[in-house]
Amino acid sequence: MLDLPFSNERFDVVIEKGTMDVLFVDSGDPWNPQPATISKVMAMLEGVHKVLKPNGIFISITFGQPHFRKPFFHNAKFTWSIEWSTFGDGFHYFFYILRKGRRCFDDEDFIEKIQMPSISLYHEELEGEDYIFLTNIEELNS
Ligand SMILES: C[S@@+](CC[C@H](N)C(=O)[O-])C[C@H]1O[C@@H](n2cnc3c(N)ncnc32)[C@H](O)[C@@H]1O
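Reading the sequence shown from the start, the letters are residues 5 to 146 in the numbering used here.
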């Protein structure tokens, strides 16, 4: 994931779930991640941005709260807009939707919380991969 072996602008959608999180495991203070963490996370995001088609969407499902993800997602290198939602009951997951080419550079509210249809699942179901299929990608793309 740090060096995606795909040509530029190849995918309509890239989804990651709990994989970017592993890059933060040895980041030290989450408020001030280590330089090595920053460069790995940026390498991953640059790769995702590169392989997405011009109007492609990156979906990131993570435990990382917006405060900690914003500085990475909002880097000036990226042309995507940023929206997020959250789901879970006591144990919250965050769902980010980044739309390439939709960035509004003079928008102060660059990261927008959105309402999504609620997803209600048992823990065992969340552990599986199937719940990703409950996400309507076509709806996100409209
Ligand atoms: C928390 S698991 C999530 C797995 C799966 N996406 C899911 O939701 O069940 C994190 C995964 O990231 C993988 N991983 C860690 N470092 C990676 C890297 N540099 N490149 C690709 N995958 C990596 C780990 O092997 C592990 O399978």
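C-beta: ideal position from N, C-alpha, C; glycine also.
Where residue i falls: helix, strand or coil (DSSP)
i: Gly-51; result: helix
i: Val-26; result: helix
i: Phe-77; result: helix
i: Ser-64; result: strand
i: Lys-44; result: helix
i: Phe-10; result: coil
i: Phe-82; result: coil
i: Pro-39; result: helix
Residue of the options minimising C-alpha distance to residue i
i: Phe-72; options: Arg-106, Gly-51, Met-24 and Val-52; result: Met-24
i: Phe-3; options: Gln-119, His-78, Trp-88 and Ser-89; result: Past the boundaries of the shown model lies residue 3; the chain is included only from 5 to 146, so the question cannot be answered.
i: Lys-44; options: Gln-69, Phe-28, Asn-59 and Gly-92; result: Phe-28
i: Arg-103; options: Pro-37, Glu-87 and Leu-49; result: Glu-87
i: Ile-4; options: Phe-91, Gln-119, Phe-98 and Asp-30; result: Only positions 5 to 146 of the chain appear in the structure, and residue 4 is not among them; the question remains open.
i: Pro-1; options: Val-17, Val-26 and Met-46; result: Since the first and last residues shown for the chain are 5 and 146, residue 1 lies out of range.
i: Ile-65; options: Met-5, Gly-105 and Ile-101; result: Ile-101
i: Ile-118; options: Trp-35, Gly-60, Thr-90 and Asn-12; result: Thr-90
Beta-carbon contacts of residue i that lie in its chain and below 6 Å, excluding the five residues immediately before and after
i: Val-55; result: Leu-8, Phe-10, Arg-14 and Phe-15
i: Ile-42; result: none
i: Pro-37; result: Ser-31
i: Lys-21; result: Ile-65
i: Ile-19; result: Ile-63
Any non-hydrogen atom of ligand 3 within 7 Å of residue i CB
i: Asp-30; result: Among the ligands in the structure shown, ligand 3 does not appear; only ligand 1 can be found there.
Cβ shell of residue i (< 8 Å), same chain only, five flanking positions each side left out
i: Ile-115; result: Pro-70, Lys-74, Phe-77, His-78, Ile-86, Glu-87 and Trp-88
i: His-53; result: Phe-62, Lys-81, Phe-82, Thr-83, Trp-84 and Lys-104
i: Met-48; result: Met-5, Leu-6, Met-24 and Leu-27
- prompt: What residues sit near ligand 1, counting only those whose C-beta is closer than 5 Å to one of its heavy atoms, in chain order?
  reply: Those residues, listed in chain order, are Met-5, Lys-21, Gly-22, Thr-23 and Val-26.
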